[in-house]
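Asker:
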DNA sequence: GCGAATTATTAACGCGGTTAACCGATGCCC
DNA sequence: GGGCATCGGTTAACCGCGTTAATAATTCGC
């Protein structure tokens, strides 16, 4: 069987989502030119409070200096608050500022506004099919990854404790961050 | 109706495809660290012969100097051949070298090798559904784009003359490149 | 045939990534 | 408790790819 059509639509779908639903939308809600990584950082911090720089670096999959630069920028824009930790005075505590929170909310709002009319052109059962097929395909791809590859979909902001992607990757940075490491559960679907 | 599940899976699918099926695979087939843009360039040139630098810049959606740099790198790696045009001595003629062609073929081969076992976990009608749903969703997103936005999915390498994405975007760089501009046909499905 | 437009490149710079080096704070161990 | 390794974060130097402005060479149009 030929996979050409599937490969083609897979690529086009992924490009379109990234370009229109993520990059372009981000430009619309932010005066300063943020990168997708920076938005994901913001979403992470909006979602759950205070983080250390090392966690942030791991979450983004970049080196600590790169994470520092990203945080520097977000702090400079007033989107993130940074302070020294009191119990470990080496560490920093990072959290989203009210403006940062507003930016993320605005992004989510516009995204839904953009997707809703698209979704309305599908029947409800088609949307469920699509969601389910997307999930199965992504999981099947991810299952073939060794945990060492360190891939993280940065689902941040779309966290759903029942989602297989969450417990599939033993070393999902986001999981570690949230203190809900699932290493021992890898590959075992919770009942 | 809540779109949360759909938005979540959409993001995860797009991230996973880009990361595992594109970025990671590219690293495996190339010694030099190519970017996805450079791979897409190669695919473009493998597909259809000679191009000018301006076309390449438009195709990638970057400025001419940026395109020059990308081409410089590919030429330096021996993946692309560059020569002066004879009929317009300002212009350059760019084409993939045999090594460039081999790289793209190897990439496609490995991609199929990776996706086939994933596809085998779906029933044939499910794969058709997925392909069709991906296409409809992407098209529906793209339809809301003004031609001025200049988005191009760089479907290069997955060109299918019957595909709506091809004729949907009046200013699809790829279309222009191929001399099959569809501006007048925008939104009108060929019978 | 000459000025205007076009094609591609170079120069100077910005931003985000890297590694190496550094600094203050913590913790361990005798 | 003092000494030393380690840890958390930042800085410095560099690289790659993007930008805009300026330049060189060629072609076009009147």
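Chains as they are written, first to last, in my numbering: chain L, 1 to 191; chain U, 192 to 382. Beta carbons: idealized from backbone N, C-alpha and C, even for Gly.
1) Short check: CB of residue 286 of chain U to CB of residue 241 of chain U, under 8 angstroms?
2) Compare the C-beta of residue 68 of chain L against all C-beta atoms of chain U and say whether one is closer than 8 angstroms.
3) Measuring straight from C-alpha to C-alpha, what distance separates residue 299 of chain U and residue 92 of chain L?
4) Starting from residue 221 of chain U, find everything on chain L with Cβ-Cβ shorter than 8 angstroms and list it in chain order.
5) If you draw a straight line from the C-alpha of residue 13 of chain L to the C-alpha of residue 280 of chain U, how long is it?
6) Which stretch, first to last residue, makes up the beta strand (DSSP E) that contains residue 96 of chain L?
7) Residues of chain U with CB under 7 angstroms from residue 3 of chain L, in chain order?
8) Measuring straight from C-alpha to C-alpha, what distance separates residue 360 of chain U and residue 333 of chain U?
9) Report the neighbours of residue 208 of chain U on chain L: residues whose CB is nearer than 7 angstroms to its CB, in chain order.
10) Mind listing the chain U neighbours of residue 140 of chain L? Cutoff is C-beta to C-beta under 7 angstroms, in chain order.
11) Residues of chain U with CB under 9 angstroms from residue 129 of chain L, in chain order?
12) Can you look up residue 336 of chain U in the DSSP assignment and give me helix, strand or coil?
13) Determine, using beta carbons only, whether residue 39 of chain L and residue 26 of chain L come nearer to each other than 8 angstroms.
14) Quick check on DSSP: helix, strand or coil for residue 380 of chain U?
15) Suppose you measure from the CA of residue 317 of chain U to the CA of residue 331 of chain U; what does that come to, to the nearest Å?
16) Is residue 170 of chain L helix, strand or coil by DSSP?
17) Report all residues from its chain with a CB closer than 6 angstroms to the CB of residue 81 of chain L; omit the five preceding and five following residues, and keep chain order.
18) Pull up the DSSP beta-bridge partners for residue 273 of chain U, would you.
19) Report all residues from its chain with a CB closer than 7 angstroms to the CB of residue 20 of chain L; omit the five preceding and five following residues, and keep chain order.
20) Can you give me the start and stop residues for the alpha helix (DSSP H) that residue 76 of chain L sits inside?
21) Would you say residue 198 of chain U lies against chain L (beta-carbon separation less than 8 angstroms)?
22) Helix, strand or coil for residue 52 of chain L, going by three-state DSSP, please let me know.
23) Apart from the five residues on each side of it in sequence, which residues of its chain come closer than 7 angstroms, Cβ to Cβ, to residue 269 of chain U?
24) Anything in chain L within Cβ reach of residue 336 of chain U, meaning under 7 angstroms, just list it in chain order.
25) Any C-beta of chain U sitting closer than 8 angstroms to the C-beta of residue 137 of chain L?
26) How big is the Cα-Cα spacing for residue 48 of chain L and residue 262 of chain U?
27) According to DSSP, is residue 124 of chain L helix, strand or coil?
28) Going by other Cβ atoms of all chains shown within 10 Å of its Cβ, with 16 needed for buried, is residue 206 of chain U buried or exposed?
29) Counting only the same chain and skipping the five closest in sequence on each side, list residues whose C-beta sits under 7 angstroms from that of residue 119 of chain L.
30) May I ask you to report which of helix, strand or coil DSSP gives residue 5 of chain L?
31) Which word fits residue 235 of chain U, buried or exposed, when buried means at least 16 other C-beta atoms lie within 10 angstroms of its C-beta?
32) Considering just the uninterrupted stretch of the alpha helix (DSSP H) at residue 27 of chain L, what are its terminal residues?
33) So, with DSSP's three-state summary, where would you put residue 233 of chain U?
34) Using three-state DSSP, classify residue 225 of chain U as helix, strand or coil.
35) Could you tell me the alpha carbon to alpha carbon distance between residue 228 of chain U and residue 86 of chain L, rounded to whole angstroms?
Answerer: Let me lay it out:
1) yes
2) no
3) 45 angstroms
4) Chain L residues near residue 221 of chain U: none, gap ~17 angstroms exceeds 8 angstroms.
5) C-alpha separation (whole angstroms): 40 angstroms.
6) 92-96
7) 303, 306, 307, 310
8) Residue confidence is low: residue 360 of chain U scores 45 on pLDDT, short of 50, so the model does not pin down where it sits. Its coordinate-derived value is still stated next. Their backbone Cα atoms lie some 8 angstroms apart in a straight line.
9) 10, 14
10) Neighbours of residue 140 of chain L on chain U, chain order: 309, 312.
11) 317, 320, 321, 324
12) coil
13) yes
14) For residue 380 of chain U, the predicted model reports a pLDDT of 34, less than 50, meaning its position is unreliable; a value from the coordinates is still stated below. The answer is coil: DSSP assigns residue 380 of chain U none of H, G, I, E or B.
15) The alpha-carbon atoms of residue 317 of chain U and residue 331 of chain U are separated by roughly 21 angstroms.
16) Residue confidence for residue 170 of chain L is low, a pLDDT of 43 falling below 50, so the modelled location carries little weight; the figure read from the coordinates is stated next. Coil at residue 170 of chain L, not helix or strand.
17) 95, 97
18) U/285
19) none
20) 64-76
21) At least one C-beta of chain L is nearer than 8 angstroms to the C-beta of residue 198 of chain U.
22) coil
23) 288, 290
24) 20
25) yes
26) 44 angstroms
27) helix
28) Label assigned to residue 206 of chain U: buried.
29) 127
30) helix
31) buried
32) The continuous alpha helix (DSSP H) containing residue 27 of chain L extends over residues 25-29.
33) helix
34) coil
35) 45 angstroms
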